[in-house]
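Below: one structure, written as structure tokens.
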């Protein structure tokens, strides 16, 4: 089991626990998570590498890796022969070791994804709508899971380790902004969607904020490099974000830490407004609709928006300025190494947005601050769904918890 300090200790204590193990009895679960986290991060590792990285004895590492291999979570790689001594045998994650389902409930679409232990997508389903309705969402999950699980072998199906739901908290508050009937959106206030889905599953179901989940996907599956502290923005129908501290997703006591969409930024008229009211794709859709352009393709074709023109240029200009202020403001609280921007948009648009943010930051007075490197996210449009799938993966197999609600 994890020690108390692994969840609630100081940053220095948490950092040491990421890299150091313990040889005490009763700590096997933590040490197994530690080994799996390191192998995930590095691709494959030999026993001697893990012993050196963790401080665990060679015997302890040998026992852990043998058990993980017997459980089909690790597989042997080709031996690496050195000049002297026995060949080193790296161990890697077994793609078939576990499977995870992720559900993204967005304001304009829902996604259901099945991934393997490496994070590779095995199946994905998408459902677009004008606004999310609880009953329709549950029906989508029910039929989607039946389809996905029907394509697995019985052995694979038994290895589904959990389902994670990524959705906006207090979804009912967005009725007006989403253009949805208030009575339908208010149903979310009285529905426990996690319990509804759990009733259909023989594996645990977890829940987390959608933008925080996307941040978790970047942490678990993305290419974060050496950055262990970064602020993350996901630009979907509405802008949101997440925070990674000490190499772990930080949700705070209520899961609402990193609610970057609510961050005050200068509006078009210079008066304070929230980031969500400037940098959200819903603002681009609103502008297009006001000019008589039907913009449903923003949600149905996120990989290719085609030619939009000046409306897109104007949105990138305003969104980048708002994001720049949000990044500088966040940097005055925590010394982030990087600011990562991803979203429900074509890669070319994301690249333009990030470049514009870098330029906009240069025009802001950042004296006294060490500003982070700004870069594109590496997961892409499906970050929220993959982030949902990462919730059971992280909860069961990695160091640190990323959920605030789970099955009993």
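Numbering (the numbering used here), first residue to last: 1 to 408. Where a beta carbon is used, it is the ideal one built from N, C-alpha and C, also for glycine.
Could you check where the beta strand (DSSP E) with residue i kicks off and where it finishes?
i: residue 161; result: 160-167
i: residue 125; result: 121-128
i: residue 272; result: 272-274
i: residue 110; result: 109-115
i: residue 399; result: Run containing residue 399: none; DSSP gives neither H nor E here.
i: residue 242; result: 239-245
i: residue 134; result: Note, residue 134: premise wrong, no beta strand (DSSP E); alpha helix (DSSP H) at 134-150.
Excluding the 5 residues preceding and the 5 following residue i in the sequence, name in chain order all residues of the same chain whose CB lies nearer than 6 Å to its CB.
i: residue 267; result: 273
i: residue 344; result: 236, 302, 381
i: residue 214; result: 234, 383, 384, 387
i: residue 222; result: 378, 379
i: residue 26; result: Low per-residue confidence applies at residue 26: pLDDT is 45, beneath 50, and the placement is therefore not dependable, though the value from the model is reported in the following sentence. Result list for residue 26: empty, nothing under 6 Å.
i: residue 393; result: 100
i: residue 328; result: 364, 366
i: residue 171; result: 188
i: residue 239; result: 261, 275, 276, 279, 280
i: residue 426; result: Residue 426 cannot be examined here, being either before or after the span of the chain that is shown, 1 to 408.
i: residue 184; result: 133
i: residue 127; result: 110, 140
Tell me which same chain residues have a C-beta within less than 7 Å of the C-beta of residue i, skipping the five on either side of it?
i: residue 321; result: 360
i: residue 90; result: 44, 45, 46, 77, 80
i: residue 389; result: 100, 101, 102, 113, 115, 164
Indicate the three-state DSSP secondary structure (helix, strand or coil) for residue i in the structure shown.
i: residue 89; result: coil
i: residue 232; result: strand
i: residue 334; result: coil
i: residue 72; result: coil
i: residue 381; result: coil
i: residue 296; result: coil
i: residue 51; result: helix
i: residue 171; result: helix
i: residue 376; result: strand
i: residue 103; result: strand
i: residue 341; result: strand
i: residue 266; result: strand
i: residue 301; result: coil
i: residue 36; result: helix
i: residue 206; result: strand
i: residue 25; result: Bear in mind that the predicted position of residue 25 carries a pLDDT of just 43, short of 50, making it unreliable; the figure below should be weighed with that in mind. Correct three-state label for residue 25: coil.
i: residue 45; result: strand
i: residue 80; result: strand
Considering just the uninterrupted stretch of the alpha helix (DSSP H) at residue i, what are its terminal residues?
i: residue 56; result: Neither: residue 56 is in no alpha helix (DSSP H) and is coded neither H nor E.
i: residue 248; result: Residue 248 -> not in any alpha helix (DSSP H); beta strand (DSSP E) instead, spanning 248-250.
i: residue 218; result: 210-221
i: residue 364; result: Careful: residue 364 lies outside any alpha helix (DSSP H) and carries neither H nor E.
i: residue 185; result: 182-190
i: residue 471; result: The first residue shown for the chain is 1 and the last is 408, placing residue 471 beyond what the model contains.
i: residue 286; result: 281-290
Assuming residue i and residue j are in contact, meaning their beta carbons sit under 8 Å apart, how far apart are those beta carbons, in whole angstroms?
i: residue 220; j: residue 119; result: 7 Å
i: residue 31; j: residue 64; result: 6 Å
i: residue 229; j: residue 314; result: Not really, about 33 Å apart at Cβ, beyond 8 Å.
i: residue 148; j: residue 110; result: 14 Å between Cβ atoms; not a contact.
i: residue 137; j: residue 105; result: 6 Å
i: residue 374; j: residue 358; result: 5 Å
So, for residue i: in the same chain, excluding its five sequence neighbours on each side, which residues have a beta-carbon less than 8 Å away from its beta-carbon?
i: residue 169; result: 209, 255, 256
i: residue 311; result: 284, 287, 288, 291, 293
i: residue 58; result: 47, 48, 51
**Prompt:** Within the chosen definition, does the region 150-167 reach the region 198-207 through at least 3 CB pairs nearer than 8 Å?
**Reply:** In this structure the region 150-167 lies against the region 198-207, because at least three pairs of beta carbons, one per stretch, are closer than 8 Å.
**Asked** Touch check for the region 183-197 and the region 132-144: three-plus C-beta pairs under 8 Å?
**Response** yes
**Asked** Is the region 102-116 touching the region 127-140 in the sense that three or more CB pairs, one from each, lie closer than 8 Å?
**Response** yes
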